[in-house]
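Below is one structure; the comments refer to it alone.
Chains as they are written, first to last, in our numbering: chain A, 5 to 747; chain B, 443 to 711.
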């Protein structure tokens, strides 16, 4: 048997992965515009943002002049205009999900509050970008581009007002207290509307001069709900309200505003029609929100990923320098040079933090790229539906159902070797907008919530681990890298723009979509193929875990519990939610492996990476293996709990069909010698039995599950060797002498 | 001045000063440990020269800026992702070592050759800018030698300010001993200005400027000529780190008084 993870000395990680490595991993090596945006965002993050945090700007809830400087810096560095299309004054053509994700990542490397300030501006523009009329898009997107020197106009800064004071808190609610009614409707003129909206936790509200507010009709002359644009110059009350007393993200302005304003109906996002004297918005607020959040949640996930990766350097430095300066240690001694790194536990825990950060980044950036592919498809789909007169959710679902078989066929062809598939048919399906839309939609509906859920939830827990690695220092404001603040910030990221439960609810529905599962099945084979070529990645482990998850989800959808109740349905969150968590682990681990393979493939031709390339790839591969093992462990635990946990444990009662009476056993043994020495469940003639709850459970119909569980355990082979190697690399990797931002 | 200046800035990359810079012996001579993998920045002295050049070009209509960089072209490309956002310029790349262990003269020759081949460069309007020193090679001689090789006699070292006049002449402030300035009037280009820190802050990154610059940067990198052997006959007997260990701390925007106070306290012990 050959060891897939040989322990012999191999080149190891020489320096922390730099931009050259990241650009390949996250697939923007050929996007110079994005590389520049990264540098630009980084200069703001590690310059002004870091200084503000170091100087204590997070200590206030109010929007201060110091914090206001952030907006100017982001304007100046081109960050504000990243989300804007070139025709409206921006400079990045095409979809911008990856660009915005990179900006959020860079800002969050130092402080996610700054990233939120940037993100909230984009969030305000997103409803207009996604669903606005051409006039609305031109006015607000163009107005959001920072005014050029000498240009006499104010820059439009927006806020997105959905969340309301209790009881209607939450982004997924269909019930709103915000109201819109007709204020004035003169014959032949545009209706004037009156909007009442009280917001809660509204980011940017302190300085916004326009707001996209979600409101419901309070007037029979307006149908349903909508999102509507309010401006600070509108007639009525524009009260930014009091600052939210939040403990996190203090570099963003969060308020509880009050708006009571008169606005023209043309501010309804996406426009409206008048039918039988009733104003019918073209999009309900839910339709607008759905289009918005499915994108912006991805960037939130990347905020937490950035925190984890940003923690690596400060922790290594702290560990190495922990015992220096006392005068008793001499340079060169292990205690002086390695400090706490002499302890395996510290190294292993940091490996876990790093591996999680890599997986989170891989998952998040993949999802951002997925939306970059999805955006044009969605627009083309909208155009086609408009052309064909397909309106409303029901009609759209019908149209999607009509192409489902073709989409499944495409997925099958897509994963066949090119020389073995029907090329003409493949090309035909490849060029079919609706087919491509439903295939990508099935992915985006899973990857977006998975990114938000896993990156922030697991990331927040792992951030606690990073803080603990700094000892007491970790929970002080002096901690290099602001790790304590980042830990708390991560909890907000797990909450805002849809808390974990919302993401799990979405996954409950989308992860059992046939189009997703069809692609998932192919990924299992893909992981097996990778495992054959690159066993050290942990792809083999992951493939088995994916098989186990797939078996389990299929089983749960059919099975009933001991009481005869259906196991898998939307309300049974004890079943569906853990499966959503398990899937997210798998997706993160898989993307991490795919990214490292990309690096191995593309990086070998990069002369800058030549020196130390093998060590870098080897280290990142070991991190993949660590993560694959951890993901598999989670899946195994969850699957076993769900598959067995809803069965009633056998008991020592008369109905036990797996027990023998002692007298029966003796009788059989007289015919079959040795039978009584078998490890069977026996009830003695006096009804006594072994000290346990009941006979061991049997597994009728679950043989495959048992096989997979057993196989999964065995597939963990090598995972800890990989962790040891990664830990050893941490003791050798060269780090800078100091962080490149203040503390 | 009716036609403006043709400003050529010589500047290349150095390892990020925050990195651990440890001399090692390589098959090609001395180098820095993991040098090719270390993140790079534009040499701070050259960076000042570039910002001053961009500022001068803006204030004198008709002026144009070139940035001539000698370094490994793959690393130059990465560097340009940040530098190209700072100012508008046309890029000229020379593929070669940017190590601190090269010879100033060989380096100057390669740079001079690259400058001579710039199409459209009017040598009579040429202001050759560079750093008076370098974060990797502190000889302080390279720009002067490039100027000499190009036949430029007017040379100013440790410049902190240039004030152009309408007739093409300009006034230059050079640092001299005792925290004094030498103020000179120069009749005009061609001239060499080796910059100290200048007076301008680092411009913010502007991706739009960067993307405009990329139109020349990518072709320049593609056709970068190899510089060849930049070590010449130079031989290093030994290389070692200073005995004083570095204690690095990042402080931004500290005032002059504050810095002076801290230094004085440190000297007093």
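Every residue, glycine too, gets a C-beta built ideally from N, C-alpha and C.
Bear in mind the structure is a predicted one, so any value in this text is a computation, not a measurement.
- Measuring CA to CA, which of 290(A), 361(A) and 335(A) is closest to residue 316(A)? On the first chain, position 312 is the one that residue 316(A) refers to. Measuring from the Cα of residue 316(A), the nearest candidate turns out to be 361(A).
- residue 535(B) in three-state terms, based on DSSP: Taking the second chain and counting its residues from 1, one reaches residue 535(B) at position 93. Looking at residue 535(B) - three-state DSSP - the assignment turns out to be strand.
- One or two residues paired with residue 482(B) in a DSSP bridge: Here residue 482(B) is taken as the residue at index 40 of the second chain, counted from 1. 457(B), per the DSSP bridge assignment.
- Query: When you compare each of 110(A), 591(A) and 103(A) to residue 50(A) by their alpha carbons, which one comes out closest?
  - Reply: Counted from its first residue, the first chain places residue 50(A) at position 46. Residue 50(A) has its Cα closest to that of 110(A), out of 110(A), 591(A) and 103(A).
- Message: Please state the DSSP three-state secondary structure of residue 276(A).
- Response: Within the first chain, numbered from 1, the residue matching residue 276(A) stands at position 272. The answer is strand: DSSP assigns residue 276(A) an E or B state.
- Beta-ladder partner(s) of residue 259(A), from DSSP: Mapped onto the first chain, residue 259(A) falls at position 255. DSSP, once it has assigned bridges, lists 206(A) and 247(A) as partnering residue 259(A).
- Query: Considering residue 221(A), what are the terminal residues of the beta strand (DSSP E) in which it resides?
  - Reply: Position 217 of the first chain holds residue 221(A). Unbroken beta strand (DSSP E) run through residue 221(A): 214 to 221.
- Going along the chain, which residues of its own chain have a beta-carbon closer than 8 Å to the beta-carbon of residue 238(A), five neighbours each way excluded? Here residue 238(A) is taken as the residue at index 234 of the first chain, counted from 1. Closer than 8 Å at the Cβ level, and outside the excluded window around residue 238(A), lie 265, 266 and 267.
- Counterpart residues of residue 230(A) in DSSP-defined beta bridges: On the first chain, residue 230(A) is found 226 positions in, with the first residue counted as 1. The secondary-structure analysis by DSSP pairs residue 230(A) across a beta bridge with 219(A).
- Query: What residues from chain A crowd round residue 671(B), counting only those whose CB sits closer than 8 Å?
  - Reply: Here residue 671(B) refers to the residue found at position 229 of the second chain. Below the 8 Å Cβ cutoff, chain A contributes no neighbours of residue 671(B), its closest Cβ being approximately 18 Å away.
- Query: When you compare only the Cα positions, how much space is there between residue 87(A) and residue 614(A)?
  - Reply: Residue numbering aside, residue 87(A) sits at position 83 when the first chain is read from its first letter. Residue numbering aside, residue 614(A) sits at position 610 when the first chain is read from its first letter. Rounded to whole angstroms, residue 87(A) to residue 614(A) spans 35 Å at the Cα level.
- Which residues, in chain order, does the stretch 18 to 36 of chain A contribute to contact with chain B at a C-beta distance below 8 Å? 18, 19, 22, 23, 24 and 36
- Item | At least 3 beta-carbon pairs within less than 8 Å: the stretch 148 to 155 of chain A vs the stretch 225 to 245 of chain A | no
- Helix, strand or coil: which one does DSSP assign to residue 397(A)? On the first chain, residue 397(A) is found 393 positions in, with the first residue counted as 1. Residue 397(A): helix per DSSP, three-state reduction.
- Query: Does any residue of chain B bring its CB to less than 9 Å from the CB of residue 175(A)?
  - Reply: Along the first chain, read from residue 1 onward, the residue named residue 175(A) stands at position 171. Its pLDDT being 49, under 50, residue 175(A) is placed unreliably in this model, and the coordinates cannot settle the point.
- What are the boundary residues of the alpha helix (DSSP H) that residue 69(A) is part of? Reading the first chain from its first residue, position 65 is the one you call residue 69(A). Start and end: 69 to 80.
- Task: Count the other CB atoms, across all protein chains shown, that sit within 10 Å of the CB of residue 447(B); report buried if there are 16 or more and exposed otherwise.
- Result: For the purposes of this step, residue 447(B) is taken as the residue at position 5 of the second chain. The residue is buried, with at least 16 neighbouring Cβ atoms inside 10 Å.
- Which of helix, strand or coil does DSSP assign to residue 622(B)? Against the second chain, residue 622(B) aligns to sequence position 180. Residue 622(B) falls in the strand class under three-state DSSP.
- For my contact list, residue 476(B) and residue 19(A) are in at a C-beta cut-off of 8 Å; report their separation, rounded to the angstrom. As a position in the second chain, residue 476(B) is number 34, starting the count at 1. As a position in the first chain, residue 19(A) is number 15, starting the count at 1. That belief holds up - the Cβ atoms of residue 476(B) and residue 19(A) are roughly 5 Å apart, short of 8 Å.
- Message: Taking the straight line between their C-alpha atoms, what separation do you get for residue 699(B) and residue 581(A)?
- Response: Taking the first residue of the second chain as 1, we reach residue 699(B) at position 257. Taking the first residue of the first chain as 1, we reach residue 581(A) at position 577. Residue 699(B) and residue 581(A): Cα-Cα distance of roughly 60 Å.
- Item | Min CB distance residue 168(A) to chain B below 9 Å | Taking the first chain and counting its residues from 1, one reaches residue 168(A) at position 164. Closer than 9 Å: no.
- Use the C-beta contact count for residue 132(A): other C-beta atoms within 10 angstroms, 16 or more gives buried, fewer gives exposed. Taking the first chain and counting its residues from 1, one reaches residue 132(A) at position 128. When all chains shown are included, residue 132(A) counts as buried.
- What whole-angstrom Cβ distance do residue 118(A) and residue 313(A) have, given they're in contact under 8 Å? For this step, residue 118(A) is matched to residue 114 along the first chain. For this step, residue 313(A) is matched to residue 309 along the first chain. Not really, about 17 Å apart at Cβ, beyond 8 Å.
- Query: Listing by chain order, which chain A residues have their CB less than 8 Å from the CB of residue 541(B)?
  - Reply: Within the second chain, numbered from 1, the residue matching residue 541(B) stands at position 99. Result: empty, since nearest Cβ-Cβ is about 13 Å, beyond 8 Å.
- Query: Just curious, the alpha helix (DSSP H) that residue 602(B) is in, first and last residue?
  - Reply: In the second chain, counting from the first residue as 1, residue 602(B) sits at position 160. It is not in any alpha helix (DSSP H) - residue 602(B) instead sits in the beta strand (DSSP E) that spans 597 to 606.
- Item | Among 212(A), 546(A), 448(A) and 698(A), nearest to residue 513(A) - alpha-carbon criterion | On the first chain, position 509 is the one that residue 513(A) refers to. Nearest of 212(A), 546(A), 448(A) and 698(A) to residue 513(A), Cα basis: 448(A).
- Task: In the DSSP assignment, find the beta strand (DSSP E) that holds residue 188(A) and state where it starts and stops.
- Result: Counted from its first residue, the first chain places residue 188(A) at position 184. Where residue 188(A) is concerned, the enclosing beta strand (DSSP E) stretches over 183 to 188.
- Kindly indicate if chain A contains any beta-carbon less than 9 Å away from that of residue 681(B). Translated into the one-based positions of the second chain, residue 681(B) becomes position 239. Not closer than 9 Å to any Cβ of chain A, the Cβ of residue 681(B) fails to qualify, so no.
- Along chain A, in chain order, which residues have C-beta atoms closer than 9 Å to that of residue 527(B)? To locate residue 527(B), count along the second chain from 1; it is residue 85. Correct list: 40, 43, 44, 47, 81 and 82.
- Query: Which class does residue 708(B) belong to by DSSP, given the choice of helix, strand or coil?
  - Reply: For the purposes of this step, residue 708(B) is taken as the residue at position 266 of the second chain. Correct three-state label for residue 708(B): helix.
- Message: Just checking: is the beta-carbon of residue 746(A) within a distance shorter than 9 Å of some beta-carbon in chain B?
- Response: To locate residue 746(A), count along the first chain from 1; it is residue 742. Yes, because at least one Cβ of chain B sits closer than 9 Å to the Cβ of residue 746(A).
- Task: May I ask you to list the residues that DSSP assigns as paired with residue 29(A)?
- Result: On the first chain, residue 29(A) is found 25 positions in, with the first residue counted as 1. Note: residue 29(A) sits in no beta bridge, so no partner.
- Item | Given residue 406(A) as reference, the closest of 390(A), 374(A) and 441(A) once Cα atoms are compared | Working through the first chain from its first residue, we reach residue 406(A) at position 402. Residue 406(A) has its Cα closest to that of 441(A), out of 390(A), 374(A) and 441(A).
- Mapping DSSP to helix, strand and coil, what is residue 474(A)? Reading the first chain from its first residue, position 470 is the one you call residue 474(A). Here residue 474(A) sits in coil by DSSP.
- Message: Between the alpha carbons of residue 600(A) and residue 519(A), how many angstroms are there, rounded?
- Response: By one-based count along the first chain, residue 600(A) stands at place 596. By one-based count along the first chain, residue 519(A) stands at place 515. About 26 Å.
- Message: For chain B, check one thing: does any of its Cβ atoms lie closer than 9 Å to the Cβ of residue 77(A)?
- Response: Translated into the one-based positions of the first chain, residue 77(A) becomes position 73. So yes, residue 77(A) belongs to the interface.
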